[in-house]
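Chains as they are written, first to last, in the numbering used here: chain A, 2 to 301; chain B, 2 to 297. C-beta: ideal position from N, C-alpha, C; glycine also. Inspection log for the structure reproduced underneath, given as structure tokens.
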């Protein structure tokens with residue numbers, strides 16, 4: 002028994018040590034840095050203690066409301082909702098008996114994977130090209146169809162920049178939702194629909210009263226996980242627009258990066274990081290409360 | 002959770018099996034309109050999903066002037082050009098960092114997963130939860146303090162620093178996947194070996210490791226892909242041109258006011274091809290594992 006305990010300790014130690022060194026210690030260090038005016042020049046001797054100055058400047062600044070709105074509404078809420086709605090829609094479509102009858106269900110499932118297998122960095126690049134005002138295929142298409150008279154600079158026009166960024170995010174991330182929902186759909190026993198059909202329920206009623214309630218747990222988990230992934234995501238906005246035009250598409254993640262690594266105000270950047278981490282912790286509580294309750298409900 | 006996979010397997014045979022008649026009565030025969038609508042929608046969706054990815058490869062083999070030029074022709078010139086301008090170094094850097102990180106993280110994760118799946122100990126649930134939490138952790142928040150620590154320790158612009166990051170970001174996922182895998186390996190195997198006098202360590206390396214090889218390969222492949230496409234840490238910690246990884250190297254073809262799209266697409270293709278090839282065979286394991294991971 003005693004041997005077992007030593008053995009367990011040795012087996013777990015490497016993973017735990019690495020994670021503590023990567024997640025734990027830097028987070029503590031981050032809080033400390035956030036109370037200093039650390040910059041690149043002061044890196045060797047460390048910054049001076051400024052108390053809550055960084056937080057006061059950030060939370061009281063004019064940009065803060067704009068950052069919150071961009072992060073929560075445009076980046077997170079819009080793309081998560083669209084990803085779920087479109088993902089469910091595609092899953093229902095791919096689950097249609099028509100596709101099986103024409104033997105294209107498997108082919109369709111493979112095709113749906115392609116965006117997911119495309120690295121986010123590459124996804125942003127190829128969409129930047131397609132959306133390019135000079136030689137982008139989308140402008141060419143819209144021009145030749147007569148929808149627009151002049152090329153649109155999708156990623157620098159204020160009216161189109163957020164929809165364009167959200168399009169890129171949704172394209173790249175919708176397959177995971179589709180596949181998860183598809184798996185759930187196929188796990189619903191056919192007898193349920195059969196019985197409902199015999200009782201005279203229409204297809205729409207069956208979807209509303211049988212399919213959706215059964216998909217709910219998967220949808221909730223996918224939605225909450227998506228919130229984490231999207232809220233913290235830096236790559237899409239940074240590579241698609243560089244937070245521009247101006248600071249129009251700036252979000253919390255890009256602001257942290259810009260402050261820390263473009264302006265090299267490491268203390269200030271750390272303070273934004275602390276605020277983001279607190280917001281995520283709040284999400285985390287909600288997440289574990291909902292998912293925990295759900296699992297408790299399943300076991301009961 | 003496990004319902005995702007098992008139930009899907011259970012549902013599939015119903016379409017091909019002799020029970021078809023019963024099913025068809027329920028579904029009725031779809032009307033011609035329904036068939037048309039479903040097929041058109043499907044083609045539209047699949048086109049939208051696949052087209053941008055095809056565009057990458059298409060764009061990379063077009064002669065200068067772009068996809069839309071009348072003088073369309075096939076050429077590998079873009080590929081030759083990017084490798085002449087030093088793109089090979091990025092490939093080498095990426096391969097070295099990602100393969101090393103994957104090997105370390107897999108070894109570390111296999112042992113942790115073994116402890117989680119085979120033993121009951123105090124604080125197990127808490128520790129397992131804490132490790133999984135790493136998957137949701139805001140990396141952007143870590144970059145700043147890590148940069149300060151790395152800069153002091155001379156780890157910026159080093160393979161060691163990047164490997165450390167990539168080991169750490171792939172452990173949470175790997176531990177989760179491997180623990181799930183080990184749960185399907187019967188404990189009788191361990192017990193029989195103990196009776197035969199094998200030590201715990203021998204059991205792990207001689208018996209468990211070979212049995213769960215398919216799971217290890219799948220997990221390691223995904224860990225590799227995670228590192229292969231990582232951008233944020235590389236961007237913050239690698240500033241010297243000859244240290245850069247592929248995702249960073251891609252962006253050197255973006256000029257200040259003009260973009261060499263042919264070169265960018267060739268570089269993108271070089272980055273994407275390995276992920277496509279490695280990813281597709283893995284997907285069924287992954288989609289179940291990832292979504293289940295979200296539940297646990």
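Proximity of residue i and residue j at Cβ, strictly below 8 angstroms
{"i": "residue 45 of chain B", "j": "residue 144 of chain B", "result": "no"}
{"i": "residue 252 of chain A", "j": "residue 275 of chain A", "result": "no"}
{"i": "residue 43 of chain B", "j": "residue 109 of chain A", "result": "yes"}
{"i": "residue 235 of chain A", "j": "residue 255 of chain A", "result": "yes"}
{"i": "residue 204 of chain B", "j": "residue 107 of chain B", "result": "no"}
{"i": "residue 249 of chain A", "j": "residue 159 of chain A", "result": "yes"}
{"i": "residue 110 of chain B", "j": "residue 176 of chain B", "result": "yes"}
{"i": "residue 225 of chain A", "j": "residue 288 of chain A", "result": "yes"}
{"i": "residue 171 of chain A", "j": "residue 80 of chain A", "result": "yes"}
{"i": "residue 100 of chain A", "j": "residue 92 of chain A", "result": "no"}
{"i": "residue 228 of chain A", "j": "residue 77 of chain A", "result": "yes"}
{"i": "residue 16 of chain A", "j": "residue 172 of chain B", "result": "yes"}
{"i": "residue 1 of chain A", "j": "residue 59 of chain A", "result": "The first residue shown for chain A is 2 and the last is 301, placing residue 1 of chain A beyond what the model contains."}
{"i": "residue 169 of chain A", "j": "residue 251 of chain B", "result": "no"}
Boundaries of the alpha helix (DSSP H) in which residue i is found, first to last residue
{"i": "residue 35 of chain A", "result": "26 to 35"}
{"i": "residue 192 of chain A", "result": "191 to 199"}
{"i": "residue 189 of chain B", "result": "189 to 196"}
{"i": "residue 263 of chain A", "result": "Premise fails: residue 263 of chain A is in no alpha helix (DSSP H) and is neither H nor E."}
{"i": "residue 140 of chain B", "result": "140 to 154"}
{"i": "residue 88 of chain A", "result": "80 to 95"}
{"i": "residue 173 of chain A", "result": "162 to 187"}
{"i": "residue 205 of chain B", "result": "Taken as a continuous stretch (DSSP letters only), residue 205 of chain B belongs to no alpha helix (DSSP H), as it is neither H nor E."}
{"i": "residue 112 of chain B", "result": "88 to 119"}
{"i": "residue 149 of chain A", "result": "Neither: residue 149 of chain A is in no alpha helix (DSSP H) and is coded neither H nor E."}
{"i": "residue 168 of chain B", "result": "160 to 184"}
{"i": "residue 224 of chain A", "result": "213 to 232"}
{"i": "residue 214 of chain B", "result": "214 to 229"}
{"i": "residue 207 of chain A", "result": "204 to 207"}
{"i": "residue 1 of chain B", "result": "Residue 1 of chain B falls outside the range modelled here, since chain B spans only 2 to 297, and no answer is possible."}
{"i": "residue 99 of chain A", "result": "98 to 102"}
{"i": "residue 239 of chain A", "result": "236 to 242"}
{"i": "residue 131 of chain A", "result": "121 to 131"}
Best match in the options for proximity to residue i [C-alpha to C-alpha]
{"i": "residue 13 of chain A", "options": "B:117, B:151, B:198 and B:54", "result": "B:117"}
{"i": "residue 305 of chain A", "options": "A:185, A:21 and A:41", "result": "Within the shown structure, residues of chain A are numbered from 2 to 301, placing residue 305 of chain A beyond reach of any answer."}
{"i": "residue 57 of chain B", "options": "A:47, A:288, A:170 and A:138", "result": "A:138"}
{"i": "residue 51 of chain A", "options": "A:132, A:227, A:35 and A:207", "result": "A:35"}
{"i": "residue 1 of chain B", "options": "B:241, B:264, B:229 and B:253", "result": "Limits of chain B in this structure are 2 at one end and 297 at the other, which puts residue 1 of chain B out of reach."}
{"i": "residue 264 of chain A", "options": "B:237, B:48 and B:251", "result": "B:237"}
{"i": "residue 124 of chain A", "options": "A:157, A:173 and A:149", "result": "A:173"}
{"i": "residue 217 of chain A", "options": "A:5, A:181, A:68 and A:192", "result": "A:181"}
{"i": "residue 32 of chain A", "options": "A:9, A:247 and A:267", "result": "A:267"}
{"i": "residue 183 of chain B", "options": "B:220, B:38 and B:195", "result": "B:220"}
{"i": "residue 72 of chain A", "options": "A:280, A:28, A:94 and A:6", "result": "A:280"}
{"i": "residue 304 of chain A", "options": "A:41, A:193 and A:145", "result": "Absent from the model: residue 304 of chain A. The displayed extent of chain A is 2 to 301, so no value can be given."}
{"i": "residue 90 of chain A", "options": "A:240, A:258 and A:212", "result": "A:212"}
{"i": "residue 239 of chain B", "options": "B:163, B:265 and B:80", "result": "B:163"}
Beta-carbon neighbours of residue i, restricted to chain C and to distances below 9 angstroms
{"i": "residue 176 of chain B", "result": "Absent here is chain C; the protein component of the structure consists of chains A and B."}
Quick check: the segment 117 to 124 of chain A against the segment 173 to 184 of chain A, are there 3 or more CB pairs under 8 angstroms?
-> As far as the Cβ criterion goes, the segment 117 to 124 of chain A touches the segment 173 to 184 of chain A, which means the pair count is three or higher.
Of all the residues that make up the segment 262 to 276 of chain B, which are near chain A by a beta-carbon distance shorter than 8 angstroms?
-> Look at the segment 262 to 276 of chain B: the residues with a C-beta under 8 angstroms from a C-beta of chain A are 262, 265, 266, 269, 272, 273 and 276.
Hey, is the segment 258 to 267 of chain B in contact with the segment 202 to 211 of chain B, meaning 3+ C-beta pairs nearer than 8 angstroms?
-> Short answer: they don't touch.
Members of the segment 64 to 91 of chain A near chain B, C-beta cut-off 8 angstroms = Here the close residues are 91.
Specify whether the segment 105 to 122 of chain B and the segment 232 to 248 of chain B touch according to this definition: at least 3 beta carbon pairs, one from each stretch, less than 8 angstroms apart.
-> Fewer than three pairs of CB atoms, one per stretch, sit closer than 8 angstroms, so the segment 105 to 122 of chain B makes no contact with the segment 232 to 248 of chain B.
Count the CB pairs spanning the segment 217 to 224 of chain B and the segment 167 to 179 of chain B that are closer than 8 angstroms, and state whether there are at least three.
-> In this structure the segment 217 to 224 of chain B touches the segment 167 to 179 of chain B; the number of beta carbon pairs closer than 8 angstroms is three or more.
The segment 36 to 58 of chain A: positions lying closer than 8 angstroms to chain B by Cβ = Within the segment 36 to 58 of chain A, the residues whose Cβ lies closer than 8 angstroms to any Cβ of chain B are, in chain order, 39, 44 and 45.
Please confirm if the segment 267 to 277 of chain B is in contact with the segment 47 to 61 of chain B, defined as three or more CB-CB distances below 8 angstroms between the two stretches.
-> Yes, they touch.
Output, in sequence order along the chain, the residues in the segment 39 to 70 of chain B whose CB is closer than 8 angstroms to any CB in chain A.
-> Those residues of the segment 39 to 70 of chain B that come within reach of chain A (Cβ to Cβ, closer than 8 angstroms) are 39, 40, 42, 43, 46, 47, 49, 50, 51, 53, 54, 56, 57, 60, 67, 68 and 69.
Closer than 7 angstroms, Cβ to any Cβ of chain A: which residues of the segment 221 to 244 of chain B, in chain order?
-> Cβ contacts with chain A: 230, 232, 233 and 237.
Pairing CB atoms from the segment 128 to 139 of chain B with CB atoms from the segment 19 to 29 of chain A, are three or more of them under 8 angstroms?
-> The segment 128 to 139 of chain B is in contact with the segment 19 to 29 of chain A.
Could you list the residues in the segment 248 to 274 of chain A with a C-beta less than 7 angstroms from some C-beta on chain B, going in chain order?
-> Here the close residues are 254, 257, 258, 261, 262, 267, 270, 271 and 274.
Contacting positions in the segment 111 to 123 of chain B - beta carbon closer than 7 angstroms to chain A | Under the 7 angstroms Cβ criterion, the segment 111 to 123 of chain B contributes 112, 113, 115, 116, 120 and 122.
Could you run through the segment 82 to 98 of chain B and flag, in chain order, every residue whose CB is less than 7 angstroms away from some CB of chain A?
-> Taking 7 angstroms as the cut-off between beta carbons, none of the residues of the segment 82 to 98 of chain B comes near chain A.
May I ask you to list, following chain order, the residues of the segment 147 to 168 of chain B that have a beta carbon less than 9 angstroms from some beta carbon of chain A?
-> Cβ contacts with chain A: 147, 148, 149, 150, 152, 153, 165, 166 and 168.
Identify each residue in the segment 132 to 146 of chain B for which the Cβ-Cβ distance to at least one residue of chain A is less than 9 angstroms, and report them in chain order.
-> If the cut-off is 9 angstroms between Cβ atoms, the segment 132 to 146 of chain B has 132, 134, 135, 136, 137, 138, 139, 140, 141, 142, 143, 144, 145 and 146 near chain A.
Using a Cβ cut-off of 7 angstroms, which residues of the segment 194 to 212 of chain B contact any Cβ in chain A, in chain order?
-> Flagged, chain order: 201.
For the segment 152 to 159 of chain B against the segment 78 to 97 of chain B, are there 3 or more C-beta pairs whose distance is under 8 angstroms?
-> Segments in contact, no.
Chain B contacts made by the segment 111 to 125 of chain A, where a contact means CB separation under 8 angstroms = Within the segment 111 to 125 of chain A, the residues whose Cβ lies closer than 8 angstroms to some Cβ of chain B are 111, 112, 113, 114, 115, 116, 117, 118, 119, 120, 121, 122, 123 and 124, listed in chain order.
Of the residues that make up the segment 19 to 31 of chain A, which ones have a beta carbon closer than 9 angstroms to any beta carbon in chain B?
-> Answer in chain order: 19, 20, 22, 23, 24, 26, 27, 28, 29, 30 and 31.
Near-chain B residues of the segment 143 to 170 of chain A - C-beta to any C-beta below 8 angstroms = Within the segment 143 to 170 of chain A, no residue has a Cβ that lies closer than 8 angstroms to any Cβ of chain B.
Near-chain B residues of the segment 198 to 209 of chain A - C-beta to any C-beta below 7 angstroms = From the segment 198 to 209 of chain A, only 198 have a Cβ closer than 7 angstroms to chain B.
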